[in-house]
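Each remark here refers to the structure printed beneath this line.
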Amino acid sequence: MAIQAVTVLGSTGSIGVNTLDVLAQHPDRFSVYALGANRQVAKLFEQCLTYKPRYAVMCDATAAVELQGLLRDAKSTTEVLAGEQGLVDVASSSEVDTVMAAIVGAAGLASTMAAVTQGKRVLLANKESLVMSGRLLTEAVRSHDAQLLPIDSEHNAIFQCLPAGFTNLKDAGIRRVLLTGSGGPFRQTPLAELASKTPDQACAHPNWSMGRKISVDSATMMNKGLEFIEACWLFNAQPDDIEIVVHPQSIVHSMVEYADGSVLAQMGMPDMRTPIANCLGWPERIESAVEPLNFHQLGALEFSAPDYERFPALKLSIQAMKSGGSYPIALNAANEVAVEAFLAERIGYLGISAAIENVLQAWQSSEPDSLEAVKAADKIARQMALVQVQSAEHKRCK
Ligand code: NAD
Ligand code: MG
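Structure (structure tokens):
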């Protein structure tokens, strides 16, 4: 078996670290070709010493210079690249087989697209890139014969419940896709208390340990909204084919219902090393070191309908997907700006969905036909969201 060369983008983040953990369990299968991150010099330096990649990329130019100095002093042979172009280069190099796309947010778009257009096996954690450019990215997967394997636990679960050779829901005899979500830390919080929730409270997810942006997205259920859009693109589905189900225990990671009434579910511990190992090994099954589910201790599994009043971001996402065009780009951009402002304590928790809603209401949609058009729409939506943030901040200070 030939050893697969893997590039891990977003290696210093939660998914990146879990990916390196699984890769390290299989030195006979995988080698680490490149690591990429934003500006966490110390962490990337430490990863370079452990995993000895050929290249290390820091998006931030100053951080790249710093890393280069540290690696030189440590007599490491890892070469340092900088900027988005560096990320694109290590995602598309002819020496790479597999790319883990685990950068958070729109920042992951260019490198994900670069890997796809070079026909790589792309392990997609960076859902934002699919939300922004679903049509372009899935078309590129087909025309460049790339493989797009879903790391997001729900999509990975659905992927595992689909028949081999799947092309679309109808031909596979599928009635519905059931996308599960825990409901996050505020599922039962009295609505009147939501306004005063802090970033730390929003990031305290009951089941998963994740980066701060996706943790806030889980609290607002914008994460499920983005995943709804992600699922439409990944599984060639219409919005009405997908139903969101709240499942607080995060044991069932999603389900597929077939025409005969059978429902297939994928279950497991809430540990991202399962979907990561599933995609790295696919179509084979490989070890992940994830603890087995203990059915004797599991207790009750609950399921319920989502509460759209509590989670307005969910409704906005479904609407954005139904409206199509560049609405999902505006949704994602406004969310990124608003979440960043919330994490910096510039706006309150409820300000997040308010900002997104206002941006979407004023949005003039188009059908972006290139990566440049996607980036341009993203930029406009960010500017509009920033105005919303400033006005919310102003009202708050009064
Ligand atoms: P994180 O915040 O822990 O890590 C983000 C990573 O992206 C870091 O390595 C950071 O350096 C890098 N990054 C940020 N901006 C960058 C830039 N401009 N250029 C290069 N690198 C940059 O986030 P995470 O929780 O690991 O999530 C990563 C992605 O995976 C997100 O899209 C998230 O939605 C998705 N995802 C995460 C989980 C999870 O359990 N953490 C589950 C499903 C999907
Ligand atoms: Mg998920």
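Everything in the sequence shown is counted per this note's numbering, starting at 1295 for the first residue and increasing by one.
Note that beta-carbon positions come from the ideal geometry of N, C-alpha and C, so glycine has one too.
Quick caveat: nothing in here was measured; it's all calculated off a predicted structure.
Closest by CA to residue i, which one among the options?
i	options	result
L1361	E1389, V1384, A1331	A1331
V1335	I1468, L1443, S1598, V1351	V1351
S1423	S1437, Q1412, L1442	L1442
G1610	E1596, N1629, S1598, L1595	Inspection of the sequence shows that residue 1610 is occupied by Leu rather than by Gly. Of the listed residues, the one whose Cα sits closest to L1610 is N1629.
S1427	V1631, T1306, W1527	W1527
G1402	K1421, G1413, Q1412, S1509	K1421
S1685	E1661, G1645, V1668	G1645
F1480	T1461, R1470, H1449, P1500	P1500
Determine, using beta carbons only, whether residue i and residue j come nearer to each other than 9 Å.
i	j	result
L1431	M1394	no
S1387	T1301	yes
G1575	I1309	no
L1375	Y1349	yes
R1690	I1641	yes
K1507	L1303	no
Y1512	G1478	Note that residue 1512 is Ser in the sequence shown, not Tyr. The answer is yes: Cβ separation under 9 Å.
E1551	L1473	no
Comparing the CB of residue i with every heavy atom of the ligand MG, is any distance shorter than 8 Å?
i	result
N1517	yes
S1447	yes
E1422	no
E1537	no
What do you reckon, is the C-beta of residue i under 8 Å from a heavy atom of the ligand NAD?
i	result
T1306	yes
R1676	no
R1323	no
With which residues is residue i paired in a DSSP beta bridge?
i	result
L1343	Note: L1343 sits in no beta bridge, so no partner.
S1423	None; S1423 has no bridge partner.
S1598	V1540
T1392	V1300, R1415
M1549	L1472, A1559
P1444	L1418
G1330	L1303, V1351
Taking 6 Å as the limit between beta carbons, can you name the residues of its chain near residue i, skipping five residues before and five after?
i	result
Y1621	A1614, S1659
A1627	D1672, A1675, R1676
A1559	V1546, M1549
A1670	none
Residues in the same chain with beta-carbon distance under 8 Å from residue i, minus the five sequence neighbours each way, listed in chain order, please.
i	result
E1651	P1606, L1610
G1562	I1545, H1547, T1568, V1584, L1587
V1683	V1631, A1632, A1635, R1640, I1641, G1645, A1649
To which residues of the same chain is residue i closer than 7 Å at the C-beta, ignoring the five residues directly before and after it?
i	result
A1451	H1547, S1548, Q1560
G1712	Any answer about residue 1712 is impossible in this case: the structure gives the chain only from 1295 up to 1692.
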